[in-house]
Amino acid sequence: MEVDLTLLLFIFVLASFIGFELISKVPPTLHTPLMSGANAISGITIVGALIVAGSLGNPLGKWIGFAAIILATINVVGGFMVTDRMLEMFKKKEDEK
Amino acid sequence: MEVDLTLLLFIFVLASFIGFELISKVPPTLHTPLMSGANAISGITIVGALIVAGSLGNPLGKWIGFAAIILATINVVGGFMVTDRMLEMFKKKEDEK
Amino acid sequence: MSVFLPETILNWLPDTIQLFYLVATAFFIRGVKLLNSPGTARKGNQFAAIGMMIGVLVTLFDQNIVEFELIIGGIVIGGLIGLLLAKKVQMTSMPELVAVFNGFGGAASALVAWGELARKPEILSFDTTGLVSIGLSVFIGALTFTGSFIAFGKLSGFISGNAITFPGLNMINIGAMIATLGLIGYFAFDPTNSTLFWVILGISLLVGVTSVIPIGGADMPVVISLLNSYSGIAAAMAGFVLQNNLLIVSGALVGAAGLILTNIMCKAMNRSLSNVIFGSFGGVAGGSAGIRDGDKNVHETSAEDLAIQVAYASKVVIVPGYGLAVAQAQHIVKEVATKLESRGVQVKYGIHPVAGRMPGHMNVLLAEADVPYDLLKDMDEINPEFTTTDVVLIIGANDVVNPLAKTDPTGPIYGMPILNVDDAKRTVVFKRSLSVGYAGVDNPLFYAEKNQMFFGDAKKSLQALNEALNEV
Amino acid sequence: MSVFLPETILNWLPDTIQLFYLVATAFFIRGVKLLNSPGTARKGNQFAAIGMMIGVLVTLFDQNIVEFELIIGGIVIGGLIGLLLAKKVQMTSMPELVAVFNGFGGAASALVAWGELARKPEILSFDTTGLVSIGLSVFIGALTFTGSFIAFGKLSGFISGNAITFPGLNMINIGAMIATLGLIGYFAFDPTNSTLFWVILGISLLVGVTSVIPIGGADMPVVISLLNSYSGIAAAMAGFVLQNNLLIVSGALVGAAGLILTNIMCKAMNRSLSNVIFGSFGGVAGGSAGIRDGDKNVHETSAEDLAIQVAYASKVVIVPGYGLAVAQAQHIVKEVATKLESRGVQVKYGIHPVAGRMPGHMNVLLAEADVPYDLLKDMDEINPEFTTTDVVLIIGANDVVNPLAKTDPTGPIYGMPILNVDDAKRTVVFKRSLSVGYAGVDNPLFYAEKNQMFFGDAKKSLQALNEALNEV
Ligand SMILES: NC(=O)c1ccc[n+]([C@@H]2O[C@H](COP(=O)([O-])OP(=O)(O)OC[C@H]3O[C@@H](n4cnc5c(N)ncnc54)[C@H](OP(=O)(O)O)[C@@H]3O)[C@@H](O)[C@H]2O)c1
Ligand SMILES: NC(=O)c1ccc[n+]([C@@H]2O[C@H](COP(=O)([O-])OP(=O)(O)OC[C@H]3O[C@@H](n4cnc5c(N)ncnc54)[C@H](OP(=O)(O)O)[C@@H]3O)[C@@H](O)[C@H]2O)c1
Numbered sequence: 001m002e003v004d005l006t007l008l009l010f011i012f013v014l015a016s017f018i019g020f021e022l023i024s025k026v027p028p029t030l031h032t033p034l035m036s037g038a039n040a041i042s043g044i045t046i047v048g049a050l051i052v053a054g055s056l057g058n059p060l061g062k063w064i065g066f067a068a069i070i071l072a073t074i075n076v077v078g079g080f081m082v083t084d085r086m087l088e089m090f091k092k093k094e095d096e097k
Numbered sequence: 001m002e003v004d005l006t007l008l009l010f011i012f013v014l015a016s017f018i019g020f021e022l023i024s025k026v027p028p029t030l031h032t033p034l035m036s037g038a039n040a041i042s043g044i045t046i047v048g049a050l051i052v053a054g055s056l057g058n059p060l061g062k063w064i065g066f067a068a069i070i071l072a073t074i075n076v077v078g079g080f081m082v083t084d085r086m087l088e089m090f091k092k093k094e095d096e097k
Numbered sequence: 001m002s003v004f005l006p007e008t009i010l011n012w013l014p015d016t017i018q019l020f021y022l023v024a025t026a027f028f029i030r031g032v033k034l035l036n037s038p039g040t041a042r043k044g045n046q047f048a049a050i051g052m053m054i055g056v057l058v059t060l061f062d063q064n065i066v067e068f069e070l071i072i073g074g075i076v077i078g079g080l081i082g083l084l085l086a087k088k089v090q091m092t093s094m095p096e097l098v099a100v101f102n103g104f105g106g107a108a109s110a111l112v113a114w115g116e117l118a119r120k121p122e123i124l125s126f127d128t129t130g131l132v133s134i135g136l137s138v139f140i141g142a143l144t145f146t147g148s149f150i151a152f153g154k155l156s157g158f159i160s161g162n163a164i165t166f167p168g169l170n171m172i173n174i175g176a177m178i179a180t181l182g183l184i185g186y187f188a189f190d191p192t193n194s195t196l197f198w199v200i201l202g203i204s205l206l207v208g209v210t211s212v213i214p215i216g217g218a219d220m221p222v223v224i225s226l227l228n229s230y231s232g233i234a235a236a237m238a239g240f241v242l243q244n245n246l247l248i249v250s251g252a253l254v255g256a257a258g259l260i261l262t263n264i265m266c267k268a269m270n271r272s273l274s275n276v277i278f279g280s281f282g283g284v285a286g287g288s289a290g291i292r293d294g295d296k297n298v299h300e301t302s303a304e305d306l307a308i309q310v311a312y313a314s315k316v317v318i319v320p321g322y323g324l325a326v327a328q329a330q331h332i333v334k335e336v337a338t339k340l341e342s343r344g345v346q347v348k349y350g351i352h353p354v355a356g357r358m359p360g361h362m363n364v365l366l367a368e369a370d371v372p373y374d375l376l377k378d379m380d381e382i383n384p385e386f387t388t389t390d391v392v393l394i395i396g397a398n399d400v401v402n403p404l405a406k407t408d409p410t411g412p413i414y415g416m417p418i419l420n421v422d423d424a425k426r427t428v429v430f431k432r433s434l435s436v437g438y439a440g441v442d443n444p445l446f447y448a449e450k451n452q453m454f455f456g457d458a459k460k461s462l463q464a465l466n467e468a469l470n471e472v
Numbered sequence: 001m002s003v004f005l006p007e008t009i010l011n012w013l014p015d016t017i018q019l020f021y022l023v024a025t026a027f028f029i030r031g032v033k034l035l036n037s038p039g040t041a042r043k044g045n046q047f048a049a050i051g052m053m054i055g056v057l058v059t060l061f062d063q064n065i066v067e068f069e070l071i072i073g074g075i076v077i078g079g080l081i082g083l084l085l086a087k088k089v090q091m092t093s094m095p096e097l098v099a100v101f102n103g104f105g106g107a108a109s110a111l112v113a114w115g116e117l118a119r120k121p122e123i124l125s126f127d128t129t130g131l132v133s134i135g136l137s138v139f140i141g142a143l144t145f146t147g148s149f150i151a152f153g154k155l156s157g158f159i160s161g162n163a164i165t166f167p168g169l170n171m172i173n174i175g176a177m178i179a180t181l182g183l184i185g186y187f188a189f190d191p192t193n194s195t196l197f198w199v200i201l202g203i204s205l206l207v208g209v210t211s212v213i214p215i216g217g218a219d220m221p222v223v224i225s226l227l228n229s230y231s232g233i234a235a236a237m238a239g240f241v242l243q244n245n246l247l248i249v250s251g252a253l254v255g256a257a258g259l260i261l262t263n264i265m266c267k268a269m270n271r272s273l274s275n276v277i278f279g280s281f282g283g284v285a286g287g288s289a290g291i292r293d294g295d296k297n298v299h300e301t302s303a304e305d306l307a308i309q310v311a312y313a314s315k316v317v318i319v320p321g322y323g324l325a326v327a328q329a330q331h332i333v334k335e336v337a338t339k340l341e342s343r344g345v346q347v348k349y350g351i352h353p354v355a356g357r358m359p360g361h362m363n364v365l366l367a368e369a370d371v372p373y374d375l376l377k378d379m380d381e382i383n384p385e386f387t388t389t390d391v392v393l394i395i396g397a398n399d400v401v402n403p404l405a406k407t408d409p410t411g412p413i414y415g416m417p418i419l420n421v422d423d424a425k426r427t428v429v430f431k432r433s434l435s436v437g438y439a440g441v442d443n444p445l446f447y448a449e450k451n452q453m454f455f456g457d458a459k460k461s462l463q464a465l466n467e468a469l470n471e472v
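Residue numbers (this note's numbering), protein chains in the order written: chain A, 1 to 97; chain B, 1 to 97; chain C, 1 to 472; chain D, 1 to 472.
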């Protein structure tokens, strides 16, 4: 368990490095869609919510997990769709060019 | 142990992603020093050699570890120094400018 | 879902799940990378969505998950709400919507940590790491939740966009955050003390409010971006609670990427992040502080007068700003432009990178009105063209054409690159008064010899111009 | 070293080591990033070295390490050898040295895996993962070892630089590699079968030889870069054997970075990686294939003749190539240039990105002769200047000034950007014959009206020119 923690920490730090490297010179037009896309990814917490709501245990905990699923799903579904709507709009215009 | 393996695999893949992201548009002049610097880092296997040569166990294994230490140290010490020599040369000339 | 699988592959299940998590991670990384450039952004978003789908589907096979009623119910309810919101919202309210989604994400992470704590029968089954992680997810998640909703309120006008603050509030906020960290440490030490948990939750919710309230409404996009980074970190912390790789990796990824993006957004406004968070900039100085120089000379123009000028011009540039969004004048602008073009006038749009209140605000708005993409010129493209321009129509823009950005080293917008509209033969400003814009500084352009003011709501003024053009 | 520590902190030791490993990783990542750009490269190398130091020092505190004789001995011996080699080698032999170091790195990884296998008293204490990792480290490490030494031999001339090959060799190599992977699988299944281990080791060593031998000498820099990537992967595999994070992370980092760098190097030569590995390009067609067009007219020049031309020129550009390195003519070039400058002639150097046999070859060479850095112009800078140049001195360069790269779509160098020396009033080529360069294509420049050939070893020719200049 303790060894695992340092491994998880490694993973956390490495992923952060990747995050830092990935975003470079984004043109201002993309700031909002990028923010919204990243926001949708942060809804990954839905995976945690599934585990909490679906595993055995105290009902209170499971209902809290249920609430977490609802909120996280809104974030995920809404987030990806709204980002797509924004980007579609740019795309369409660019194609006309 | 089995869980650890997938974690180690995660770490391996994430580090590879970082490696891919890090190298971007290197000017040709830097290709050789960059190669040589990366080569020095790959001498990190010295850490493994230390563990093999310094832990208890069958003498044969330890002597093999000893050989590994020698080779890895050559790679590390020589690699970093030779890279520095190359880069120093560029640097000096640039300063004169 | 694992019950449906044959015994033989159950042994491999945990490893297989991890491998799929790795695949999902790769999709996220690739997705964020593609989101970086205009040509590939849409594909990037789709990649990320696929990654999410993989993550969710695979998790359903987790052997700990044995009951599916709540899961199905939650996903259906949440999915429908998300779908509705995403479909129905107007393009111009995007920033508000992102704020809301982000708040939900933060709340979900806090709930995951709390739920895990409540679910486990024996609270002592958590070790120190687990407890600290729970505390941190709740803290960051709850703060993101309330902070995002305040940001939403400010953007949509429910809460005053002004910076609501008093001296020392920043210090109190920082103090409260540090205190919360201390309490989390104490909670890890004495997890049975449930009041402690409630206190942590309470302070976190409160700090979210008090640290966003003092920030001016126009800085909200930056704040949302920062809160987005927080919600990533909260997800990563929830990952530590559940020892789940995918949460940790994706959360850290978004956390770091969001931080960098926040920084880039600040730079585009020529501000520093700490200036945004602690500066209480924008809004306070707002109001009508700019009218003090009312005795200076201003030239007014009328719809008829202007119609003649533009109808016989050879090149007209339209510079939209925040006022265009307020007046919802994007469609009428396009109508006027089409009318001019049919008369042989060359019309282009000059888009400043921070015109409006969110990055890309003007692009989205004009795209909605079907303005052809290739007429939208960004700052570097349009600036050399002003010297050959006859009339510039500045519609609800103010700061982005303020020459003080070049001349007044003490002003708050000094150093921000602006659109050089004064290179043109004539400029016409459409706005309701002589009052200041977002940055709260007076604009000498209004009093310039070459400039004319067309007072009134932008939409109404443009409608008048549109009609007058029929008479010319 | 852990025995020197007080009992109380022994509990924390493994975690502390991991944290320091994380710090070392951060140094490596930052180091590689800084190595990317000229201004920061040296600092980047130092960062990486610090990371290595941290990694090594911290590992000494590992509780498994109890004996230090071999460690101290190995580090002292290896350190001294490395130091000597790095100090004594000539600048022009850098690529050879890097090849040697790389070979040692690969060998070390293979030895680590083998040593771990031999050290553990009970071979059955390894699980499948461990055994597969051992097999892979040995395979990749051994292949890197022999491959690097063949590359070294080709670069330094011990082994013919020509592509030594026969039809089907590539297929045999690929077959052997696949077979080795199969054997490794079998070894994991039956680890007590020690012949299997020896067979794997043997094939790996052999494959390293047979897959580098067929590649032309001039492609060695690319091969070394690829092998460097391999040695990173070998280190990562050794990390899997020892379950050591730092090895895995750093190895993967170098593996991926090396792969990208290899690709960038290929692009600079306008080739694909598979073309380099399987193409048997360069060397075969070498020799004197170019003399076939000997009946074409060539203008020769002499030292005295040329001395007058350059002494009264107003602008001379020197284009160095691989021949300059072969002839070791960098010092005499600089002398001639100084002499011309003292006469008021403007002298510049035009450096093609792939002139010579390693990237930056010419820069390093001329830097050694103390040619001022600001006279070295890269291709994009010098190309527009040729129209105003009186004489171009092309010293041992061939492919980089070959106009066929622009005109002959079927040639192997088609599409490579070249130095447009034919824009100048006159060109003079210093080489020993009319034979071809690295790419094995004839060069029409030699027969051009404006061109003169100065046959002979570049160093001797330049010495003659230098003396003749005294007479003018
Ligand atoms: N784009 C971003 O991402 C972003 C984010 C945060 C902050 N900002 C900041 O926002 C500012 C943007 O500059 P900007 O020039 O676009 O806007 P601005 O400087 O804020 O000026 C907008 C002007 O529009 C006028 N207006 C408001 N409602 C109107 C209506 N219905 N009809 C006509 N005019 C109306 C206002 O004047 P009246 O009241 O006289 O009508 C106001 O002066 C910059 O300072 C930028 O730094 C931008
Ligand atoms: N820079 C890199 O990273 C790199 C790496 C791999 C491959 N390459 C390839 O290498 C080539 C480099 O082009 P390059 O123009 O520099 O060289 P090159 O095309 O290989 O030509 C070198 C010429 O130098 C002459 N030479 C050899 N020894 C000499 C001596 N002692 N004195 C005078 N001349 C001598 C040779 O002609 P004689 O025999 O008639 O004297 C030969 O034609 C390119 O094709 C490039 O793609 C470059």
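The C-beta atom is built at its ideal place from N, Cα and C for all residues, glycine as well.
Taking a 10 Å sphere around the C-beta of residue 57 of chain C, we find fewer than 16 other C-beta atoms and assign the residue as exposed.
Taking a Cβ-Cβ cut-off of 7 angstroms, residue 155 of chain C has no neighbours in chain A, whose nearest Cβ is about 12 angstroms from it. Under DSSP, residue 428 of chain D takes part in a beta bridge, and its partners are D/393 and D/452. The residues 413, 418, 441, 443 and 445, in chain order, have a CB closer than 7 angstroms to that of residue 402 of chain C in the same chain once the five nearest residues on each side in sequence are set aside.
Taking 4 residues as the shortest admissible run, the stretch 60 to 96 of chain C contains the following complete alpha helix (DSSP H) segments, listed from N- to C-terminal end: 69 to 88. The three-state reading of DSSP puts residue 328 of chain C in coil, since its state is none of H, G, I, E or B. Remark: the C-beta of residue 14 of chain D is outside contact range of ligand 2, defined as less than 7 angstroms to any heavy atom. Contacts with chain B at 8 angstroms (Cβ-Cβ) include residue 48 of chain D.
Across the structure, residue 34 of chain B and residue 60 of chain D are spaced so that their CA atoms are roughly 28 angstroms apart. Contact between residue 462 of chain C and residue 298 of chain C is ruled out by a C-beta separation of about 20 angstroms, above the 8 angstroms threshold. The Cβ of residue 93 of chain C sits no closer than 8 angstroms to any Cβ of chain A. Annotation: the continuous alpha helix (DSSP H) that includes residue 175 of chain D extends over 169 to 189. Identification of chain A residues near residue 18 of chain B by a Cβ-Cβ cut-off of 9 angstroms yields 14, 17, 18 and 21, ordered along the chain.
Within chain B, the residues placing a beta-carbon under 8 angstroms from that of residue 11 of chain A are 7, 10, 11 and 14, ordered along the chain. Annotation: Cβ neighbours of residue 245 of chain C in chain B (cutoff 9 angstroms, chain order): 6, 7 and 10.
Taking every protein chain shown into account, the CB of residue 95 of chain D has 16 or more other CB atoms within 10 angstroms, so this residue is buried. Just so you know, the alpha carbons of residue 197 of chain D and residue 143 of chain C end up roughly 58 angstroms apart. Each residue's CA atom was taken as its position, placing residue 332 of chain D and residue 325 of chain D some 12 angstroms apart. For residue 420 of chain C, the distance from the CB to the nearest heavy atom of ligand 1 is not below 7 angstroms.
Closer than 7 angstroms to some heavy atom of ligand 2: that does not describe the Cβ of residue 417 of chain D. In this structure, A/69 is the residue among A/69, A/31 and A/22 with its C-alpha nearest to the C-alpha of residue 112 of chain C.
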